[in-house]
Structures are given as C-alpha cells and as structure tokens.
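What follows is a single structure, written as structure tokens, with notes after it.
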Amino acid sequence: MDGGHSHSGSGNSDSFVVKVAEEKQKWPVSSSQIVSHFGTSGLSVAAATAITHPLDVLKVRLQMQLVGQRGPLTGMGQVAAQVLKKEGPKALYLGMMPALIRSVLYGGLRLGLYEPSKYACNLAFGSSNILLKIASGAFSGAVATALTNPVEVLKVRLQMNANQRRGSMAEMHTIVSEEGIRALWKGVGPAMARAAALTASQLATYDETKQVLIRWTPLDEGFHLHLLSSTVAGTVSTLVTAPMDMIKTRLMLQRESKTVGNYKNGFQCAYQVMLKEGPRALYKGGFAIFARLGPQTAITFILCEELRKLAGLDAI
Numbered sequence: 001m002d003g004g005h006s007h008s009g010s011g012n013s014d015s016f017v018v019k020v021a022e023e024k025q026k027w028p029v030s031s032s033q034i035v036s037h038f039g040t041s042g043l044s045v046a047a048a049t050a051i052t053h054p055l056d057v058l059k060v061r062l063q064m065q066l067v068g069q070r071g072p073l074t075g076m077g078q079v080a081a082q083v084l085k086k087e088g089p090k091a092l093y094l095g096m097m098p099a100l101i102r103s104v105l106y107g108g109l110r111l112g113l114y115e116p117s118k119y120a121c122n123l124a125f126g127s128s129n130i131l132l133k134i135a136s137g138a139f140s141g142a143v144a145t146a147l148t149n150p151v152e153v154l155k156v157r158l159q160m161n162a163n164q165r166r167g168s169m170a171e172m173h174t175i176v177s178e179e180g181i182r183a184l185w186k187g188v189g190p191a192m193a194r195a196a197a198l199t200a201s202q203l204a205t206y207d208e209t210k211q212v213l214i215r216w217t218p219l220d221e222g223f224h225l226h227l228l229s230s231t232v233a234g235t236v237s238t239l240v241t242a243p244m245d246m247i248k249t250r251l252m253l254q255r256e257s258k259t260v261g262n263y264k265n266g267f268q269c270a271y272q273v274m275l276k277e278g279p280r281a282l283y284k285g286g287f288a289i290f291a292r293l294g295p296q297t298a299i300t301f302i303l304c305e306e307l308r309k310l311a312g313l314d315a316i
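Start counting the sequence shown at 1; every next residue gets the next number (UniProt numbering).
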C-alpha cells in the first residue's frame with residue numbers, strides 16, 4: 001500500500017518532488033508486481049465491460065442505422081425496444097465472449113502501459129506534466145489496440161449478427177477464409193487513433209483531475225476522489241472519441257452492410273458520413289457511448305484503485 005507519504009506536510013512542491021523521486025525508483029519492478037499491475041488493470045476493465053456490454057451492442061446498432069442516409073435518428077430507447085422485441089434479451093449479450101477476452105488483454109495493456117510510459121517520460125524529460133501524460137496515454141492506447149484489433153473485429157461482427165449461432169472461433173475462421181488474414185486488422189487505423197485519444201483523454205484527465213482535487217479540496221485518496229475524477233474523465237473521453245468510434249465501427253462492418261460503399265480509409269469515411277448524413281451523424285450513438293463510457297470509466301478506475309490497494313500497489 002502507499003508508503004506513508006501523505007498529502008499534508010511540507011508543501012505541495014516537496015511532496016511532488018518526493019513522488020517523482022519515488023516513481024523513479026519504482027520502475028522497473030519485480031515480476032510479481034508487474035503481474036499485479038497488469039492483472040488489476042485487466043480485471044477492472046473486464047468487470048466494467050461485463051456490466052456495460054448491452055449498451056455497447058446498442059451503440060453498434062445505432063451507429064449502423066440509416067447508413068448513407070440523412071434522416072431522423074432512432075433513439076437508444078427505441079433501438080433497445082426493437083432489439084428486445086425482435087431478437088430477445090440474449091441479443092444484448094451478443095459478442096460478450098470476445099468483448100471480455102479483449103477487455104482483459106486490451107484493458108490490461110491500455111491501463112498497464114500508462115505508468116511505465118509516464119515513468120519513461122519522467123526519466124527522459126525530468127517531469128510528467130499534462131502533455132507528457134497525454135502522450136503516455138496515447139502511446140499505451142495505440143499499442144494495446146494494434147495488438148488486440150482482431151478480437152474487436154470479431155466482437156462487432158458478432159454484435160451485428162443476431163442469426164449467428166456459431167461460436168467466436170467459427171466466425172474468426174469465416175472472416176479469415178472469406179476475406180483473408182488482413183481483414184482482422186480492418187479499421188485498425190481509426191481504432192488506434194480512437195484508443196490513443198480515449199486513453200490520453202481518459203487517463204490524463206483522471207490523473208490530472210485527481211492532482212487538482214487533492215491540491216484544492218479536502219479530498220484525499222479514496223472512493224469520493226476516484227468517483228469524481230473518473231466522472232470527469234468519462235465525460236471528456238466521450239466528447240473526444242465519439243466520432244472516431246463511429247468511423248471505426250463503419251469500417252469494421254463494411255462487409256456486413258450492403259448499403260455502405262467501400263470506404264478507403266478513416267478520413268474518407270468521415271467525409272462521406274458528413275456529406276451524406278450531416279455532421280451530427282458523427283455522433284450517432286453518442287448518448288449510448290456516454291451512457292456506456294461514463295459508468296465504464298467510473299467502474300474501471302474505482303475497481304482498479306481498490307484492486308491495486310489490495311495488491312499492495314500505489315494509487316494510479
């Protein structure tokens with residue numbers, strides 16, 4: 001657990017210097033600490049994913065509605081009612097298995113790589129200001145996505161296909177045999193951009209909000225600080241990533257949707273969507289993204305902080 005340095009005492013600058021010095025000693029660490037570090041990250045993201053998965057299914061359905069058309073957008077409530085009526089409650093858990101596998105791998109890497117990246121910046125630049133926190137978050141998000149993109153492609157394919165009664169492996173085999181191995185990295189560009197933006201906005205905002213609240217309010221490490229900081233982080237990351245999320249979904253589902261022409265890349269996809277469906281279309285499923293990302297961010301950070309405490313690691 002935390003090694004006795006409280007936030008009171010001889011001024012904030014001193015405690016910050018002590019913290020930086022501690023961080024410089026902390027990485028690299030023992031193999032058991034590395035396992036705990038990545039394990040707590042993966043577990044907390046998996047738990048948050050399991051709770052918010054139905055909202056993810058609705059988000060994908062919302063993003064794929066009215067493809068190529070301008071027109072009134074169906075709200076999340078109506079889409080949920082349609083899915084429940086036509087496909088039953090089980091449809092809200094389509095793609096759950098790859099989503100959980102991905103959240104352990106991707107979530108573990110995305111959160112887990114943030115601190116070593118921040119530590120590397122500390123060593124290189126002797127500081128970890130907000131810009132370096134953003135850069136650390138962007139790097140860890142992009143790397144995590146590049147490695148786990150095939151599981152994400154599999155997840156959205158399963159979510160769109162209610163008649164898919166075969167398992168994940170059979171669907172993976174179909175994608176590879178029909179479209180080639182490269183199809184597993186469809187949409188990887190926008191996915192990396194989105195993950196870089198999401199991780200940078202989420203982790204840097206969380207990290208920075210915590211520091212500001214500790215400095216300017218009576219709050220200290222604990223549930224209330226983590227809840228407030230993660231709520232701010234969830235809001236910021238939704239605003240930043242909703243358009244990228246929309247484009248990533250469209251690219252990954254190109255074969256599934258006959259009405260979508262072939263988008264060449266993320267920029268062309270964004271241009272076509274704005275041209276044919278209006279700029280607001282980039283925020284299709286935006287409320288579903290917030291309804292999912294808000295609670296997911298809060299659950300992830302609160303749970304991660306608690307698990308880190310149990311594992312004897314310092315707070316994020």
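No residue lacks a Cβ here, since even glycine has one placed at the ideal position from N, Cα and C.
Remember, predicted model here, so these are calculated numbers, not experimental data.
Inset, instruction - May I have the straight-line CA-CA distance separating H173 from L154, to the nearest angstrom? - result: Mapped onto the sequence shown, residue 173 falls at position 173. Mapped onto the sequence shown, residue 154 falls at position 154. Near 10 Å, if we compare the C-alpha coordinates of L154 and H173.
Legend entry - Residue interval of the alpha helix (DSSP H) (run including S127): Taking the sequence shown and counting its residues from 1, the one referred to as residue 127 is at position 127. Counting along the chain, S127 sits inside no alpha helix (DSSP H), nor does DSSP assign it H or E at all.
Inset, instruction - Please determine, among P295, G234, L213 and I51, the residue with the shortest C-alpha to C-alpha distance to A197. - result: For this step, residue 197 is matched to residue 197 along the sequence shown. Cα-wise, what sits closest to A197 is G234.
Legend entry - Nearest-angstrom Cα separation, counted from Y283 out to G189: The residue given as residue 189 occupies position 189 in the sequence shown. The residue given as residue 283 occupies position 283 in the sequence shown. The straight-line gap from Cα to Cα measures roughly 19 Å.
Inset, instruction - Return the CA-CA distance between D314 and E115, expressed in angstroms with no decimal places. - result: Taking the sequence shown and counting its residues from 1, the one referred to as residue 314 is at position 314. Taking the sequence shown and counting its residues from 1, the one referred to as residue 115 is at position 115. So the alpha carbons of these two residues sit roughly 11 Å apart.
Inset, instruction - May I ask you to report which of helix, strand or coil DSSP gives K118? - result: Along the sequence shown, read from residue 1 onward, the residue named residue 118 stands at position 118. If DSSP states are grouped into helix, strand and coil, K118 belongs with the helices.
Inset, instruction - For K210, collect the residues of the same chain with a Cβ closer than 7 Å to its Cβ; drop the 5 residues on either side in sequence, then sort them by chain order. - result: The residue labelled residue 210 in the question sits at position 210 within the sequence shown. Cβ neighbours of K210 beyond the five flanking positions: L225 and S229.
Legend entry - Complete runs of the alpha helix (DSSP H) confined to the UniProt repeat "Solcar" (128 to 212) [at least 4 residues]: For the UniProt repeat "Solcar" (128 to 212), whole alpha helix (DSSP H) runs of length 4 or above, ordered along the chain, are 130 to 160 and 168 to 179.
Inset, instruction - My understanding is that V156 touches T49, with C-beta atoms under 8 Å, so please give their C-beta distance in whole angstroms. - result: As a first step, residue 156 is located in the sequence shown; it is residue number 156 there, counting from the start. As a first step, residue 49 is located in the sequence shown; it is residue number 49 there, counting from the start. Actually they do not touch by this definition, with Cβ atoms about 14 Å apart.
Inset, instruction - Measure the alpha-carbon distance for Q25 versus W216 and round it to whole angstroms. - result: Along the sequence shown, one-based indexing puts residue 25 at 25. Along the sequence shown, one-based indexing puts residue 216 at 216. Because the pLDDT of Q25 is 45, which lies under 50, any placement of that residue in the model is unreliable, and the question is left without a value.
Inset, instruction - Go ahead and label G9 buried or exposed: buried means 16 or more other beta carbons lie within 10 angstroms of its beta carbon, across all protein chains shown. - result: Residue numbering aside, residue 9 sits at position 9 when the sequence shown is read from its first letter. Note that G9 scores 47 on pLDDT, short of 50, meaning its location in the model is unreliable; the coordinates nonetheless yield the value given after this. Label assigned to G9: exposed.
Legend entry - Spatial distance of P243 from V273 (CA atoms): Here the question's residue 243 lines up with position 243 in the sequence shown. Here the question's residue 273 lines up with position 273 in the sequence shown. Between P243 and V273, the C-alpha separation is close to 10 Å.
Inset, instruction - Evaluate residue 324 with the Cβ neighbour count: other Cβ atoms within 10 Å of its Cβ, from every protein chain shown; 16 or more gives buried, anything less gives exposed. - result: Outside the displayed span of the chain (1 to 316) sits residue 324, for which this structure offers no information.
Inset, instruction - Sort T297, L275, L55 and R110 by Cα distance to R77 and report the nearest one. - result: In the sequence shown, residue 77 corresponds to position 77, counting from 1. Arg is not the amino acid found at residue 77; the sequence shown has Gly there. For G77, the nearest C-alpha among the options comes from L55.
Legend entry - For S237 and I299, the rounded distance between their alpha carbons: Locating residue 299 in the sequence shown gives position 299, where the first residue counts as 1. Locating residue 237 in the sequence shown gives position 237, where the first residue counts as 1. I299 and S237: Cα-Cα distance of roughly 15 Å.
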